[in-house]
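**Student:** Numbering (our numbering), first residue to last: 1 to 99. All C-beta atoms, glycine included, are put in the ideal place defined by N, C-alpha and C. Here's a structure for you.
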Amino acid sequence: MQLLRAGTGYGGPPFDGPVFSDDLSSMAAISDRFGVAEAVLRTLQAGTDTALWVTTDEVPAVLDRLEKAVAAGELTMPAIDKSVLRMATVKGPNPACGR
């Protein structure tokens, strides 16, 4: 992720936009090694802003795992805050908010 964010090593400009994962639930290179909850945590730890997976069945387990990771210091609030800011920046202001 540092390569993407800094732009060094390949001559590209630094990128500060949001980074999305690929599908973490049905890509065999991931799902053969990790459950969805662990795969989501690991991709967020690596610097992805939004983790994607196909089904909603795993949402409770993912949320539980992420809460535990934050409590244990495996996933930091500053990293989460940066991801939220990147996503909010892309989304832009919503005039209906705050009414």
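The beta strand (DSSP E) with Ser21 in it runs from where to where?
**Tutor:** Residue numbering aside, residue 21 sits at position 21 when the sequence shown is read from its first letter. Taken as a continuous stretch (DSSP letters only), the beta strand (DSSP E) holding Ser21 covers Phe20 to Asp23.
**Student:** Among the candidates Lys68, Met87 and Tyr10, whose CA atom is the shortest distance from the CA of Pro18?
**Tutor:** In the sequence shown, residue 18 corresponds to position 18, counting from 1. Of the candidates Lys68, Met87 and Tyr10, the one whose C-alpha sits nearest the C-alpha of Pro18 is Met87.
**Student:** Do the stretch 37 to 44 and the stretch 3 to 16 make contact, defined as three or more Cβ pairs closer than 8 angstroms?
**Tutor:** Segments in contact, no.
**Student:** Could you give the distance in angstroms between the alpha-carbon of Glu58 and the alpha-carbon of Lys91?
**Tutor:** By 1-based counting over the sequence shown, the position of residue 58 is 58. By 1-based counting over the sequence shown, the position of residue 91 is 91. Answer to the nearest angstrom: the Cα atoms are 25 angstroms apart.
**Student:** With 16 as the cutoff for other CB atoms within 10 Å, does Val54 come out buried or exposed?
**Tutor:** As a working note, residue 54 is residue 54 in the sequence shown. Under this definition Val54 is an exposed residue.
**Student:** Roughly how many whole angstroms lie between the Cα atoms of Glu67 and Leu44?
**Tutor:** For the purposes of this step, residue 67 is taken as the residue at position 67 of the sequence shown. For the purposes of this step, residue 44 is taken as the residue at position 44 of the sequence shown. Between Glu67 and Leu44, the C-alpha separation is close to 13 angstroms.
**Student:** Thr50 bridges to which residues according to DSSP?
**Tutor:** In the sequence shown, residue 50 corresponds to position 50, counting from 1. Bridge partners of Thr50: Phe20.
**Student:** With distances taken between CB atoms, is the gap from Ser21 to Ala51 smaller than 9 angstroms?
**Tutor:** On the sequence shown, position 21 is the one that residue 21 refers to. On the sequence shown, position 51 is the one that residue 51 refers to. Contact flag set, yes.
**Student:** Quick one, which of Tyr10, Arg5, Met1 and Asp49 has its alpha-carbon nearest Lys82's?
**Tutor:** Mapped onto the sequence shown, residue 82 falls at position 82. Of the listed residues, the one whose Cα sits closest to Lys82 is Asp49.
**Student:** Leaving out the 5 sequence neighbours to the left and right, which residues in its chain are closer than 6 angstroms to Cys97 when beta-carbon positions are compared?
**Tutor:** Here residue 97 corresponds to residue number 97 of the sequence shown, with the count starting at 1. Hits under 6 angstroms: none found.
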